[in-house]
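J.: Structure incoming, see below.
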Amino acid sequence: MTSQTTIEKSPHGGDPAPAPAKGLRGHPWLTLFAVAAGVMMVALDGTIVAIANPAIQQDLGASLADVQWITNGYLLALAVALITAGKLGDRFGHRQTFLIGIAGFAAASAAIGLSDSIALVIAFRVLQGLFGALLMPAALGLLRATFPAEKLNMAIGIWGMVIGASTAGGPILGGVLVEHVNWQSVFFINVPVGVIALVFGLVILKDHRARNAPRSFDLLGIVLLSAAMGSLIWGIIKAGESWGWGSASTWGFLGGAVVLFALFAAWELVLQKALRKDPLIPLGMFRSIPLSAGTVLMVLMAFAFMGGLFFVTFYLQGVKGLSPVDSGLHLLPLTAMMIISSPLAGALITRFGPRVPLVGGMVCTAAAMFGMITLTEGTGTLVMSLWFALLGLGLAPVMVGATEVIVGNAPLELSGVAGGLQQAAMQVGGALGTAVLGAVMSSKVSSEFAGNWREAGIPVPPDPRLEQAAEFGTVPAELAKTPGMTPDLLSKIGGVIHDTFMSGMGLAFTVAGAVAVVAALVATLTKRGENAEAGAGGAHI
């Protein structure tokens with residue numbers, strides 16, 4: 001049995017306010033520390049693997065599509081399960097789901113490190129994503145229920161800083177581990193971190209049950225929403241991988257996703273209005289313009305960031321020829337700027353509201369994406385650092401502000417669903433960004449490789465294996481040992497691979513920058529929620 005927090009009525013007449021905690025268990029700031037330790041592990045894993053992708057690809061002989069699925073499988077599992085996991089926390093308690101999530105995530109990480117095939121890596125990454133889905137919305141639910149409303153924005157700001165710093169710090173830690181240990185250590189490191197987070201969680205976290213917590217479970221809604229998201233991502237991945245964007249199969253899956261989303265929305269309305277039962281997602285939540293805008297903003301921000309970062313690591317290691325550690329160090333301006341600007345963004349949003357910081361953040365993000373189009377094989381560290389720092393400056397206020405907008409506008413009994421919605425939006429955006437920009441890259445490489453090969457005056461026909469290498473920007477090491485290979489010919493082939501990759505990456509960054517511009521327009525619709533204005537926990541949706 002777990003002890004439960006007693007709930008007091010908010011003096012403002014909204015959601016219940018948490019009773020003051022006595023001792024370690026349930027203490028607000030210790031709770032923040034405990035959940036931060038858990039979410040840091042998941043956020044770190046979202047980007048630490050990016051720096052290990054080249055090593056995994058070479059060690060296991062993976063294709064570009066396989067490497068994409070290392071990321072997409074994880075993000076898709078998170079995206080599909082997050083809202084359901086949030087509902088589980090609302091129904092059965094966020095402490096329980098958080099602790100189960102930590103234990104399962106660490107175990108799945110160990111299994112990935114022990115895997116000897118790309119299929120097993122992808123399978124366990126999916127399992128890792130499912131357990132990560134349990135703990136992420138539970139963390140926000142615990143903060144929402146533990147902190148008084150006048151301090152909730154500050155707590156979420158610090159929570160967002162931890163996620164931002166972990167997300168940005170992943171490439172540096174990943175580079176050290178890949179270069180000095182092996183790619184498996186990127187996953188093994190989650191085991192001791194998970195044990196520490198589990199111990200802190202058992203000692204500090206206290207179960208919270210909202211007065212109006214849901215008592216039923218929407219199984220059909222779970223099936224419809226999961227199928228809709230799965231159909232959407234699968235259609236996009238396969239379109240860029242093999243089907244093509246004009247095929248009947250691609251549009252069949254994308255059209256099926258639209259139909260499934262419509263059926264899901266219709267069922268949620270029937271469940272709530274006709275059957276008088278708790279839906280998976282009360283659609284009335286989206287009557288809040290800030291909440292809806294914040295959700296869309298998270299999708300677009302993650303699309304640009306996660307999709308763009310996927311190619312930056314291959315650029316640094318393949319085109320620039322940097323080691324994994326040096327690649328991570330070159331991304332230090334991104335990491336440092338996110339760490340510095342996240343708490344500043346939280347303070348600005350608390351004082352002036354989210355609109356201006358969010359718009360400014362997405363404008364900076366767009367500028368960074370368009371700026372990275374100019375990167376070449378000879379671009380110096382100073383210029384790269386400028387664009388990476390600008391990207392970090394832009395991302396921080398969005399990660400902090402959009403989280404506050406979404407979670408702060410939801411009532412306490414739906415804090416898990418709101419947390420799941422916030423994280424689902426981010427993971428769906430990341431999966432879509434990686435898939436769509438990967439398809440853009442593949443298409444560009446396919447259309448230009450043969451022409452670049454001919455223009456270089458290479459006397460032998462184009463090798464399909466080298467066209468695949470151009471998708472990674474890496475010249476295969478064994479190419480130099482090919483019979484008849486001369487230094488001049490090797491240089492020409494390397495130039496074709498790098499030039500073709502850079503052309504594809506430039507187009508991908510163009511798309512990412514355009515998405516960031518759209519996100520800046522969406523950010524103009526955000527405003528401080530009713531909870532933040534009232535200084536109490538009452539969200540009236």
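So for the sequence shown, full-length UniProt numbering puts the first residue at 1; every next one is plus one. Glycine is no exception: its CB is placed at the ideal position from the N, C-alpha and C atoms.
Report the option in A262, K238, I289, S342 whose CA atom is closest to the CA atom of residue 554.
T.: As shown, the chain starts at 1 and ends at 541. That puts residue 554 outside it, with no answer to give.
J.: Can you give, in chain order, each stretch of the alpha helix (DSSP H) that sits fully within the stretch 247–277 and has at least 4 residues?
T.: 248–269
J.: Quick one: what does DSSP say D59 is sitting in, helix, strand or coil?
T.: Here residue 59 is taken as the residue at index 59 of the sequence shown, counted from 1. Note: D59 maps to helix in three-state DSSP.
J.: Considering only residues of the same chain and omitting the five flanking positions on each side of T524, which have a CB-CB separation below 8 Å?
T.: One-based indexing of the sequence shown puts residue 524 at position 524. Cβ neighbours of T524 beyond the five flanking positions: R355, V359.
J.: My guess is that T291 and M285 are in contact by the Cβ rule of under 8 Å, so how many angstroms apart are they, rounded?
T.: Walking along the sequence shown from the start, residue 291 turns up at place 291. Walking along the sequence shown from the start, residue 285 turns up at place 285. Looking at the sequence itself, residue 291 is Leu, so the reference to Thr does not match. Between M285 and L291 the Cβ distance is about 6 Å, and since that is below 8 Å, they are a contact.
J.: Given a threshold of 16 other Cβ atoms within 10 Å of its Cβ, counted over all protein chains shown, does F352 qualify as buried or as exposed?
T.: Against the sequence shown, residue 352 aligns to sequence position 352. That one is exposed.
J.: Tell me where the alpha helix (DSSP H) around T350 begins and ends.
T.: Here residue 350 refers to the residue found at position 350 when the sequence shown is read from its first residue. Residues 332–352.
J.: Considering only residues of the same chain and omitting the five flanking positions on each side of M369, which have a CB-CB separation below 7 Å?
T.: Your numbering for residue 369 matches position 369 in the sequence shown. Only A304, G308, F509, A512, G513, A516 meet the Cβ criterion.
J.: What separation, rounded to the nearest whole angstrom, lies between the Cα atoms of K277 and L82?
T.: To locate residue 277, count along the sequence shown from 1; it is residue 277. To locate residue 82, count along the sequence shown from 1; it is residue 82. If I take the Cα positions, the gap works out to 21 Å.
J.: So, helix, strand or coil for K9, using DSSP?
T.: Your numbering for residue 9 matches position 9 in the sequence shown. Note that K9 has pLDDT 41, beneath the 50 cutoff, so the model's placement of it is unreliable and no number is given.
J.: Let's see if you can read the secondary structure: which residues bound the alpha helix (DSSP H) around T500?
T.: Against the sequence shown, residue 500 aligns to sequence position 500. T500 -> alpha helix (DSSP H) spans 487–523.
J.: Would you tell me roughly how many angstroms separate the C-alpha atoms of K9 and S109, rounded to the nearest one?
T.: Against the sequence shown, residue 9 aligns to sequence position 9. Against the sequence shown, residue 109 aligns to sequence position 109. Since pLDDT at K9 reaches only 41, below the 50 mark, its modelled position is unreliable, and the value read off the structure follows with that caveat. Each residue's alpha carbon lies about 42 Å from the other.
J.: Return the Cβ separation of L205 and T31 in integer angstroms, given the expectation that the two are a contact with Cβ distance under 8 Å.
T.: Here residue 205 refers to the residue found at position 205 when the sequence shown is read from its first residue. Here residue 31 refers to the residue found at position 31 when the sequence shown is read from its first residue. 6 Å between Cβ atoms; contact.
J.: When you compare the CB positions of V178 and A52, do they come within less than 8 Å of one another, or not?
T.: Residue 178 sits at position 178 when you count from the first residue of the sequence shown. Residue 52 sits at position 52 when you count from the first residue of the sequence shown. Against a cut-off of 8 Å, the Cβ pair of A52 and V178 comes out as a contact.
J.: Across the stretch 194–201 and the stretch 58–73, are there enough close Cβ pairs to call them in contact, namely three or more that are closer than 8 Å?
T.: no
J.: Would you check if the distance between the CB atom of I122 and the CB atom of L143 is smaller than 8 Å?
T.: Numbered from its first residue, the sequence shown carries residue 122 at position 122. Numbered from its first residue, the sequence shown carries residue 143 at position 143. Against a cut-off of 8 Å, the Cβ pair of L143 and I122 comes out as no contact.
J.: Grab me the residues of A34's own chain with a C-beta within less than 6 Å of its C-beta, minus the 5 sequence neighbours each way, in chain order.
T.: Start at 1 with the first residue of the sequence shown, and residue 34 comes out as number 34. Only F200, G201, I204, L205 meet the Cβ criterion.
J.: Please name the residue, chosen from V400, A366, F314, that lies closest to I339 on a Cα-to-Cα basis.
T.: Numbered from 1 along the sequence shown, position 339 holds the residue referred to as residue 339. Nearest in C-alpha terms to I339, of all of V400, A366, F314, is V400.
J.: Here's the rule I'm using: 16 or more other beta-carbon atoms within 10 Å means buried, otherwise exposed. How should P11 be labelled?
T.: Counted from its first residue, the sequence shown places residue 11 at position 11. Because the pLDDT of P11 is 37, which lies under 50, any placement of that residue in the model is unreliable, and the number read from its coordinates should be weighed accordingly. Exposed: under 16 other Cβ atoms inside 10 Å.
J.: State the Cα-Cα distance for the pair V42 and A367, rounded to the nearest angstrom.
T.: Here the question's residue 42 lines up with position 42 in the sequence shown. Here the question's residue 367 lines up with position 367 in the sequence shown. Looking at the two C-alpha atoms, the distance is approximately 28 Å.
J.: Going by C-alpha to C-alpha distance, which of L44, A227, W183 sits closest to M136?
T.: Numbered from 1 along the sequence shown, position 136 holds the residue referred to as residue 136. Among L44, A227, W183, the Cα nearest to that of M136 is on L44.
J.: Smallest Cα separation from A119: which of V162, D66, F311?
T.: Here residue 119 refers to the residue found at position 119 of the sequence shown. Closest option to A119, Cα to Cα, is D66.
J.: Assess, as a yes-or-no matter, whether the stretch 177–191 is touched by the stretch 49–63 under the definition of 3 or more beta carbon pairs within less than 8 Å.
T.: yes
J.: Can you find at least 3 beta carbon pairs, one from the stretch 249–263 and one from the stretch 442–451, that sit closer than 8 Å?
T.: no
J.: With a threshold of 16 other CB atoms inside 10 Å of the CB of K87, please say whether the residue is buried or exposed.
T.: For the purposes of this step, residue 87 is taken as the residue at position 87 of the sequence shown. It is buried - the Cβ of K87 has at least 16 other Cβ atoms within 10 Å.
J.: Where does A228 land, buried or exposed, given buried means 16+ other C-beta within 10 angstroms?
T.: Position 228 of the sequence shown holds residue 228. Label assigned to A228: buried.
J.: Going by CA-CA distance only, name the one from A262, S323, I281, F253 that's closest to F217.
T.: For this step, residue 217 is matched to residue 217 along the sequence shown. Nearest option by C-alpha distance: I281.
J.: Is the beta carbon of G175 closer than 8 Å to that of P333?
T.: Indexing the sequence shown from 1 puts residue 333 at position 333. Indexing the sequence shown from 1 puts residue 175 at position 175. Going by C-beta atoms, P333 is not nearer than 8 Å to G175.
J.: Report the residue from R25, G361, P54 whose alpha carbon sits nearest the alpha carbon of F311.
T.: Counting from 1 along the sequence shown, the entry for residue 311 is found at position 311. Per the C-alpha coordinates, the member of R25, G361, P54 positioned closest to F311 is P54.
J.: Could you say which of V460, A469, A477, L130 lies nearest to I497 if we only look at CA atoms?
T.: As a working note, residue 497 is residue 497 in the sequence shown. Closest by alpha carbon: A469.
J.: Using only the alpha-carbon positions, how far apart do A165 and S342 sit?
T.: Residue 165 sits at position 165 when you count from the first residue of the sequence shown. Residue 342 sits at position 342 when you count from the first residue of the sequence shown. Cα-Cα distance, rounded: 8 Å.
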